[in-house]
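Read the structure below first, then the notes.
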Ligand SMILES: Cc1cc2nc3c(=O)[nH]c(=O)nc-3n(C[C@H](O)[C@H](O)[C@H](O)COP(=O)(O)OP(=O)(O)OC[C@H]3O[C@@H](n4cnc5c(N)ncnc54)[C@H](O)[C@@H]3O)c2cc1C
Ligand SMILES: Cc1cc2nc3c(=O)[nH]c(=O)nc-3n(C[C@H](O)[C@H](O)[C@H](O)COP(=O)(O)OP(=O)(O)OC[C@H]3O[C@@H](n4cnc5c(N)ncnc54)[C@H](O)[C@@H]3O)c2cc1C
Ligand SMILES: Cc1cc2nc3c(=O)[nH]c(=O)nc-3n(C[C@H](O)[C@H](O)[C@H](O)COP(=O)(O)O)c2cc1C
Ligand SMILES: Cc1cc2nc3c(=O)[nH]c(=O)nc-3n(C[C@H](O)[C@H](O)[C@H](O)COP(=O)(O)O)c2cc1C
Ligand code: FES
Ligand code: FES
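Protein chains in written order, with this note's numbering: chain A, 1 to 304; chain B, 305 to 608; chain C, 609 to 849; chain D, 850 to 1090.
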């Protein structure tokens, strides 16, 4: 049973990668289990300057998932490279993916430059789709021209493979995926969170201080799967699929839709051992569906 | 405890209306319970000519909802007016909402004209957002200019209040809502289904014959709520909210987001008595949150 | 249609893949060919199953474990309560048959047991042709034996005639006035091609199971019909394959 | 953090809104001020509750019924198994206090019972000021009485001093070296304004409860800190209200 996949020239033991923002900088999960079982890790979204993010409440529950409006809280790229990555290297022998956020091109570019020299980072994931960042954050994710400009600028300085993370809050995500590919992205990852809201019946007010927030978890899975399928058809670069994945079966289905690897987000929050358990269940699920090598099922739904 | 609401000049005993496509033409549910408890009924989407719709399979399950790709199966407007509405009138003493689908302006216009003379119809709901109809169906729902043109044309002939049903599969639903208002819509209803997909692990193929389909049910609730909130801010006409509603609490929350009435879809399929049970639970839920009159909470989240 | 809470009286495997579940509810009734929609914990949609037997307040279904829902069903224990919609669909019309032939493929044999018992009650011994892939897949042999003359075919010849249901039918060539069939679509298609003097029980992925969503509509010679409401049993000549 | 299956040993109402649930698990441990995240059937996120007591493999929580999850919790019966994350957060630091004052507002008294017991074990009788809206909301009176000197205040004066916790504190003016407080934010804010010689247990809506999501981060004088990981207990002078 071969669970390994090749992602951007880097071989992952398995396609399961904790999604950015749901696994911190990784090392804290090492207290719970040996995180070297993971394919890789997408680290918490990092910006040039430290950010506290949005006021509380930042979390609301949904029938099949959750809303968040964290707003990219992180200690800033200098501290991430100088401290967080060092702590991670002590407990994680593989390479991770740095996730970069920002609100203007210059910030993105400078942040990416910091990561160029980080040895335990094998790719950069450019988050152009965070629904929780004001000023420009949304335009990067929804306007193909703006997105293309940003990606070209980053690509010029980035010495590692560049993954562009796409927003699902658009009329046609394949337009954005093509814009990313044209601008030089080496891969795309999707989906980021869907915009959602919950209201507190007691107060009559939106629960989140920001009113709306990013919806993630099982409830977004069918949307994510459709978009991965659609984007797989639109571009020739690898697609990393995510959105509501919580079982090994979900991984298989997402790969059949076209994902070369998958990210698992909210499931980690609901169950701290989610990624470990999904990875452990993969061989059994593969056997059940007579799959010998995971790489062979990537995009199967397009030609089956 | 006053559960009644005014919708387009028509007073509903309560704001709960079965959503189009999940309640047939209503009369068959009269075998299960007295459907006169309903606020109104939005009837199965009707087109000018009879339609069989898409090939099977047309249904797939999701973790918190379902996909459908019915494709507007209906016997055509002549039979709907001549037979279905007659059967409905025998068991439903209130007025219903006719839901009209189509793939070109002329079809829509002619279909609406048939309903002008139907006495037990108090409003027309124009479905410009069906994800399951090819040729033009999508452009009506995603392009504000195309949508505006259609709505103006329909408005010219339509003698009843016109509700325009919006698609959630757009970057900014408030643009479409404003286009509808500007073109003369008397109300908007939202959301129609989100585009989603499921793949059969056994065959490796999408489950639906159409590959993608419309995602509805509890999993779409946070997205629907956010869009209703957003549209309520964007327009001055009434908003009818739907998407994943399955409890009386969901009704209260949707109304606080800005809905003047609500529609309940998938819940009817999962539990045939859903609407009856939600209506029965409304007074208790109102009492719990000290609400005397439902009309007073419409849009509360915008000023609370 | 009725919407009821039923109590699981027993739930046991019959072979490696097929299970039998008996559900108790006061005044439970059903007709052969009708089905129920069973609510499965943590599954959004109910699951449709043919009624394999129904008497004295106990309804039996036979189910094959194929996916998430049926997997979870095997974990339901005696005494558990489950919600179900019962008395769904239009069953077989057996009133005019005096020399019936029942043809079941795989798990499709389930509703035929109930039908065979109804014939037996009227003093009619139906011929029952059961087609399986191999002998290990057979279930309810003794039960069928009691109520009719059982003929067996298996794809690999491990029991009975070697070949598919239609080949077996041609081989055994039993006399019949009407045949009643349930099984995989290719089998039903082949049977319909062979003779239109039959009734076929069809399957479809269902949204509701009681006629509301049009999720299960097939095209017939007399227009679209819902498998869950006008069906699941259709005249062989009616179905457009 | 541990992720465990616990067995419900008892689950009973203490008054119209507050329930007590005892959970059994081998070698369960906890420190006063720590909390657990309890999985509730059909709820996506776990619910955080302070540990109100923990000894001999049994952990007690006291919970107020306020919404969907706590409503469902009241239906959990003895013997049911529930999943929970235990040993979450950093509790009270009581090591250097010899004349402690405990201040609880409403359901916030819950973790103080565990803390009071720890003091009692060390031979220290804490002063325990409990503030409620009215006498009907009081719970665990006898339990608190056993482990400290209880002072009561109610908003409507139906028992003890009439007024809020801070007014009561000024009125009774007990001596203390450190105060330990848990309750509604306005109460904690008022206390922090009154004296910084205290530790406050905060609440926040949580995504994970174990430090992964940043959902619960507050700003403190020494930068952002997670209520679930660096907290829920913070020095009174640290919190920026
Ligand atoms: C009228 C009717 C009678 C049936 N009678 C029986 C019976 O007596 N015994 C038996 O074992 N099976 C019967 N089936 C098939 C049975 O409904 C499916 O095997 C079952 O729903 C699969 O559920 P799952 O969760 O294990 O599979 P999954 O693939 O996990 O189910 C996912 C979704 O697809 C649907 N689905 C999957 N396969 C089928 C199918 N073949 N037909 C309809 N829906 C499907 C499920 O209901 C569910 O909504 C019948 C189907 C119909 C329509
Ligand atoms: C560290 C900590 C310790 C706590 N200790 C106790 C305790 O000992 N006893 C007790 O009764 N309550 C305690 N609470 C509050 C308790 O967590 C909430 O009352 C409970 O989560 C409400 O759940 P619900 O489903 O009934 O409400 P709902 O409003 O239906 O819950 C919806 C979502 O909001 C969250 N939520 C709602 N209110 C709160 C709140 N006040 N704080 C945090 N999350 C909330 C829920 O966890 C859930 O995710 C504590 C909270 C925290 C953070
Ligand atoms: C609490 C939280 C924080 C997140 N932070 C980030 C982030 O910093 N950068 C980013 O690209 N995505 C972020 N995301 C989005 C996730 O990486 C992922 O795209 C999304 O949650 C969908 O996957 P899921 O359904 O498996 O959670 C965050 C999601 C959550 C729930
Ligand atoms: C089976 C099915 C058929 C539908 N048919 C129609 C239709 O004919 N016209 C229409 O406007 N919407 C149709 N819809 C969309 C619903 O009316 C509703 O907008 C959507 O399902 C979201 O609400 P829900 O989550 O409560 O189901 C259909 C939905 C379902 C599930
Ligand atoms: S399954 Fe809904 S109409 Fe048949
Ligand atoms: S709740 Fe996730 S970090 Fe505190």
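The beta-carbon is built from N, C-alpha and C at its ideal position, and this holds for glycine as well.
Same chain, Cβ closer than 6 Å to residue i, neighbours up to 5 away in sequence not counted
i	result
residue 484 of chain B	455, 468, 492
residue 899 of chain D	884, 959, 960
residue 99 of chain A	20, 42, 43, 45, 125, 127
residue 639 of chain C	699
residue 672 of chain C	625, 626, 715
residue 392 of chain B	329, 330, 331
residue 988 of chain D	863, 864, 867
residue 605 of chain B	560, 561
Length of the line joining the Cα atoms of residue i and residue j
i	j	result
residue 60 of chain A	residue 893 of chain D	10 Å
residue 253 of chain A	residue 395 of chain B	45 Å
residue 258 of chain A	residue 515 of chain B	14 Å
residue 1053 of chain D	residue 245 of chain A	26 Å
residue 1009 of chain D	residue 1002 of chain D	5 Å
residue 1018 of chain D	residue 247 of chain A	53 Å
residue 1007 of chain D	residue 980 of chain D	11 Å
residue 710 of chain C	residue 679 of chain C	29 Å
residue 889 of chain D	residue 918 of chain D	6 Å
residue 531 of chain B	residue 445 of chain B	15 Å
residue 527 of chain B	residue 204 of chain A	18 Å
residue 783 of chain C	residue 759 of chain C	13 Å
residue 686 of chain C	residue 728 of chain C	30 Å
residue 668 of chain C	residue 336 of chain B	24 Å
residue 906 of chain D	residue 852 of chain D	15 Å
residue 334 of chain B	residue 835 of chain C	20 Å
residue 97 of chain A	residue 121 of chain A	5 Å
residue 904 of chain D	residue 971 of chain D	16 Å
residue 1061 of chain D	residue 618 of chain C	44 Å
residue 338 of chain B	residue 824 of chain C	25 Å
residue 793 of chain C	residue 143 of chain A	48 Å
Contact set for residue i: own chain, Cβ-Cβ below 8 Å, skip 5 residues either direction
i	result
residue 850 of chain D	934, 935, 936, 937, 1059
residue 751 of chain C	721
residue 370 of chain B	363, 364, 519, 520, 521, 570, 573
residue 1011 of chain D	1002, 1003, 1004, 1005
residue 504 of chain B	510, 511
residue 902 of chain D	908, 909, 962, 963, 966
residue 170 of chain A	141, 142, 176
CB-CB length for residue i against residue j, believed under 8 Å
i	j	result
residue 40 of chain A	residue 94 of chain A	6 Å
residue 1045 of chain D	residue 1086 of chain D	4 Å
residue 332 of chain A	residue 7 of chain A	Residue coverage of chain A in this structure runs from 1 to 304, which leaves residue 332 of chain A outside it and unanswerable.
residue 683 of chain C	residue 737 of chain C	Not quite, the Cβ-Cβ distance comes to about 34 Å (not below 8 Å), so this is no contact.
Residues of its chain near residue i, where Cβ-Cβ distance is below 7 Å and the 5 sequence neighbours each way are ignored
i	result
residue 208 of chain A	57, 58, 60, 67, 69
residue 182 of chain A	148
residue 282 of chain A	3, 14, 248, 251
Neighbouring residues (CB closer than 5 Å to any heavy atom of ligand 1)
Here the residues come out as B:365, C:643, C:653, C:655, C:656, C:657, C:658, C:671, C:672, C:674, C:675, C:676, C:677, C:678, C:715, C:718, C:811, C:813, C:840.
Does the region 13 to 26 of chain A come close enough to the region 273 to 280 of chain A to have 3 or more Cβ pairs within less than 8 Å?
They touch, by the three-pair rule.
Stretch-stretch touch, CB-based, cutoff 8 Å, three pairs: the region 218 to 236 of chain A with the region 76 to 91 of chain A
The region 218 to 236 of chain A, when compared against the region 76 to 91 of chain A, does not touch it at the 8 Å Cβ threshold.
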